[in-house]
Amino acid sequence: MVVEEYSEVARHYRIKETVGSGGFAKVKRAVHLPTGEIVAIKIMDKAALGSDLPRVKTEIEAMKNLHHHHICRLYQVIETSRKIFMILEYCSGGELFDYIVQRDRLSEGESRTFFRQIVSAVAYMHNLGYAHRDLKPENLLIDDEQNLKLIDFGLCAKPKGGMSDHLYTCCGSPAYAAPELIAGKSYMGSEADLWSMGVLLYALLNGFLPFDDDNIGMLYRKIKAGKYDTPDWLSPDSLILLKQLLQVDPKRRITVDKLLNHSWITNDIGVPVEWHSKHQMSVLDEDVVTEMSVHRKVSRETMKAELEKWNYDYLTAAYFLLLKKKTSGRPVRLQILY
Ligand SMILES: O=C(Nc1ccc2c(c1)CNCC2)c1ccc(F)cc1
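For the sequence shown, numbering that gives the first Met the number 0 puts the final residue at 337, and the numbers step up evenly by one.
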């Protein structure tokens with residue numbers, strides 16, 4: 000949907016303060032006027048994107064297919080002549096990275112709670128044939144219920160031939176990159192994700208990285224050697240899991256399916272990680288359809304037919320945000336827009 004100026008955004012959103020600015024995007028907090036719900040709007044300038052524009056298209060297409068309670072939800076996409084706006088789920092707690100830094104390191108129990116959520120999101124992606132390829136604490140946000148939400152799918156890959164297909168582009172952040180990826184060999188996206196999860200788990204438990212060096216050459220050498228410090232606060236079970244994740248040989252590395260009921264993962268909790276999505280997209284929510292069809296003075300059938308196009312326009316946004324209100328126990332009501 001290409002409109003010529005900010006009008007489409009301003010018509011439905013009140014833009015507030017900047018909450019983050021990355022390489023080629025700025026993220027602002029905003030209010031979705033028809034529902035009053037808070038959202039995050041990722042704003043990108045197409046000219047500034049240059050050769051990175053395909054990454055944005057990759058991210059948008061991936062997020063349209065990824066519906067999971069630990070994956071940040073895309074509500075709407077607005078494209079003007081100069082800009083792309085992605086309307087996304089707002090995560091009031093900010094980045095997991097800052098959360099760890101503020102606490103030095105997390106307890107084993109808190110690390111387990113967060114790591115289980117990461118396993119759930121990654122297992123969901125891998126079972127759908129996607130690899131994230133840029134897993135790191137900066138790409139895991141915390142929502143107002145202390146749930147982690149995975150963001151930044153600009154580098155994710157869905158190999159044509161499925162997850163057994165090899166990838167070649169070297170990408171992601173060096174400190175989290177798997178040895179086979181930085182060696183320039185062909186690699187499996189899913190296996191590289193499991194290595195990054197090992198680096199992530201290490202960062203949660205220790206508050207610093209397993210492989211770190213200001214000199215990129217030295218960093219690569221440390222990653223390929225796969226040797227890291229084991230501070231004395233790490234439990235024997237944590238050491239076992241880290242060893243299974245940070246296996247230099249990708250063929251010896253643990254897979255996400257084995258992680259689901261790993262003893263460290265189920266310690267103190269007793270149940271394996273549930274990776275299936277709680278959101279099913281196939282069935283539209285009757286209450287939301289009712290509110291929307293009444294509000295727009297069309298029949299339910301017409302509204303259902305419109306919604307089932309999943310255009311990621313203002314209708315898709317209104318649907319998802321009303322549904323979020325309903326699941327959070329708030330009234331399923333749309334304000335009249337003046
Ligand atoms: O909500 C987001 N960021 C956010 C929200 C609140 C706060 C921060 C980031 C960081 N400072 C604390 C408050 C957000 C959501 C989606 C996204 F792709 C990128 C960022």
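Yeah, the Cβ is synthetic: ideal placement off N, Cα and C, and Gly gets one too.
The structure presented is a predicted model; accordingly, all values stated were derived computationally and were not measured.
- Between Asp142 and the set Met291, Gly128, Glu94, the nearest pair of CA atoms involves Glu94.
- By the Cβ rule, the region 237-253 does not count as touching the region 79-86, because fewer than three pairs are nearer than 8 Å.
- Spatial neighbours of Leu306 in its own chain (CB-CB distance under 8 Å, excluding positions within 5 residues in sequence) are listed in chain order as Leu283, Val288, Met291, Leu314, Thr315, Tyr318.
- Boundaries of the alpha helix (DSSP H) harbouring Ala61: 52-64, taken from the DSSP string.
- The alpha-carbon separation between Leu105 and Ala304 amounts to approximately 47 Å.
- The secondary-structure analysis by DSSP pairs Leu240 with nothing; it has no beta-bridge partner.
- With a contact defined as Cβ atoms closer than 8 Å, Leu245 and Trp194 qualify at about 7 Å.
- Nearest to Arg132 by alpha-carbon distance, out of Leu52, Met196, Ser119, is Met196.
- Near ligand 1, meaning a Cβ closer than 6 Å to any of its heavy atoms, lie the following residues in chain order: Val18, Gly19, Val26, Ala39, Lys41, Cys71, Leu87, Tyr89, Cys90, Ser91, Gly93, Leu140, Ile150.
- Counting only the Cα atoms, Thr79 lies some 18 Å from Leu73.
- DSSP, read as helix, strand or coil, puts Ile42 in strand.
- For Leu105, no pairing in a beta bridge is given by DSSP.
- In the DSSP assignment, Ile141 falls outside any alpha helix (DSSP H) and lies within the beta strand (DSSP E) extending over 139-141.
- A residue is called buried when at least 16 other Cβ atoms come within 10 angstroms of its Cβ; Asp192 meets this threshold and is buried.
- For Leu204, the closest C-alpha among the options Gly108, His66, Asp51, Lys56 is that of Gly108.
- For the 8 Å CB-CB criterion, His67 and Ala29 do not form a contact.
- With fewer than 16 other CB atoms across the displayed protein chains lying within 10 angstroms of its CB, His165 is exposed.
- Just measuring C-alpha positions, the residue of Gln145, Gly153, Pro136, Ala130 sitting nearest Gly161 is Ala130.
- A distance below 6 Å between beta-carbons, with the five flanking residues on each side excluded, links His278 to the following residues of its chain, in chain order: His66.
- Shown here for Ala61: same chain residues with a beta carbon closer than 8 Å to its own, the five before and five after excluded, namely Tyr129, Phe152, Cys155, Lys157 in chain order.
- Scanning its chain for C-beta atoms nearer than 8 Å, with the 5 sequence neighbours on each side dropped, one finds around Leu233 the residues Leu204, Asn205, Leu241, in chain order.
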